[in-house]
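Enquirer: Structure provided below as structure tokens; questions to follow.
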Amino acid sequence: MRVTANQVKEMKVEKQKIVMLTAYDYSTARLVDEAGVPLILVGDSLGMVVLGYESTIPVTMDEMIHHTKAVVRGTKQALVIGDMPFMTYHTNISDALCNAARFIQEGGAQAVKLEGGVTVAEAVKRIVDCG
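Here's what the structure looks like:
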């Protein structure tokens with residue numbers, strides 16, 4: 001059975017240590033999942049680590065979806081989190097919702113990660129409100 005967001009909330013309330021590792025492919029995800037790691041992040045750092053970019057800025061949604069699908073296929077228990085790439089949620093809330101939905105619907109992720117503070121708070125709220 002896959003870890004849920006509610007289980008992660010419970011872990012936080014109970015002050016448990018929460019472990020999360022990064023995976024970019026099926027094989028790594030499978031190993032991490034079998035080791036019992038409850039959270040796996042498909043990070044946009046794959047741009048540098050896997051794709052050879054100078055930074056995370058060139059990473060596209062299509063690249064992130066591709067790698068997220070592979071990670072999801074390699075897992076049975078871990079909650080898989082898709083890292084929303086640069087400028088995929090900063091321009092407006094509609095873009096944030098559409099791109100988060102792509103991670104869930106196309107990529108199979110169970111959650112998404114956004115970076116930022118007050119400037120992205122409304123986008124985070126709207127994504128959470130949508131489920």
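Mapping of the sequence shown onto full-length UniProt numbering: residues 1 to 131, in sequence order.
Backbone N, C-alpha and C fix where the C-beta goes; we use that ideal spot for every residue, glycine too.
Can you tell me whether G82 is buried or exposed? The criterion is at least 16 other CB atoms within 10 Å of its CB, across all chains shown.
Expert: Taking the first residue of the sequence shown as position 1, residue 82 is located at position 82. Classification of G82: buried, given that the 10 Å Cβ count is 16 or more.
Enquirer: Report yes if the C-beta distance between T75 and G107 is below 8 Å; otherwise report no.
Expert: Taking the sequence shown and counting its residues from 1, the one referred to as residue 75 is at position 75. Taking the sequence shown and counting its residues from 1, the one referred to as residue 107 is at position 107. Not a contact, by the Cβ cut-off of 8 Å.
Enquirer: Assign D83 to one of three DSSP states: helix, strand, or coil.
Expert: Counting from one through the sequence shown, the residue named residue 83 turns up at place 83. Looking at D83 - three-state DSSP - the assignment turns out to be strand.
Enquirer: Our contact map puts T119 next to P85 with C-beta atoms below 8 Å; I'd like the distance itself, whole angstroms only.
Expert: The residue given as residue 119 occupies position 119 in the sequence shown. The residue given as residue 85 occupies position 85 in the sequence shown. Not a contact, Cβ separation roughly 16 Å.
Enquirer: Going by DSSP, which residues form a beta bridge with I40?
Expert: As a position in the sequence shown, residue 40 is number 40, starting the count at 1. I40 pairs with L21, V80.
Enquirer: My guess is that I40 and V59 are in contact by the Cβ rule of under 8 Å, so how many angstroms apart are they, rounded?
Expert: The sequence position of residue 40 within the sequence shown is 40, counting from 1. The sequence position of residue 59 within the sequence shown is 59, counting from 1. Not confirmed; about 17 Å, so no contact.
Enquirer: Taking the alpha helix (DSSP H) that K15 falls in, what are its first and last residues?
Expert: Residue 15 sits at position 15 when you count from the first residue of the sequence shown. Premise fails: K15 is in no alpha helix (DSSP H) and is neither H nor E.
Enquirer: Answer with buried or exposed for D62, where buried requires no fewer than 16 other C-beta atoms within 10 angstroms of its C-beta.
Expert: Looking up residue 62 in the sequence shown gives position 62. Counting Cβ neighbours within 10 Å, D62 comes out exposed, since fewer than 16 surround it.
Enquirer: Quick test of your reading: I127 and A100, contact by CB under 8 Å. State the CB separation rounded to the nearest angstrom.
Expert: To locate residue 127, count along the sequence shown from 1; it is residue 127. To locate residue 100, count along the sequence shown from 1; it is residue 100. Their Cβ separation, rounded to whole angstroms, is 5 Å, which keeps I127 and A100 in contact under 8 Å.
Enquirer: Taking DSSP as the reference, what is the three-state secondary structure of V112?
Expert: Walking along the sequence shown from the start, residue 112 turns up at place 112. In this structure, V112 counts as strand in the three-state DSSP scheme.
Enquirer: Given a threshold of 16 other Cβ atoms within 10 Å of its Cβ, counted over all protein chains shown, does D44 qualify as buried or as exposed?
Expert: Translated into the one-based positions of the sequence shown, residue 44 becomes position 44. Flag for D44 reads buried.
Enquirer: Do A78 and P38 have their beta-carbon atoms positioned less than 8 Å apart in this structure?
Expert: Locating residue 38 in the sequence shown gives position 38, where the first residue counts as 1. Locating residue 78 in the sequence shown gives position 78, where the first residue counts as 1. Yes, the Cβ-Cβ distance between P38 and A78 is below 8 Å.
Enquirer: Please report the straight-line C-alpha distance between A29 and A111, rounded to a whole angstrom.
Expert: Counting from one through the sequence shown, the residue named residue 29 turns up at place 29. Counting from one through the sequence shown, the residue named residue 111 turns up at place 111. The straight-line gap from Cα to Cα measures roughly 16 Å.
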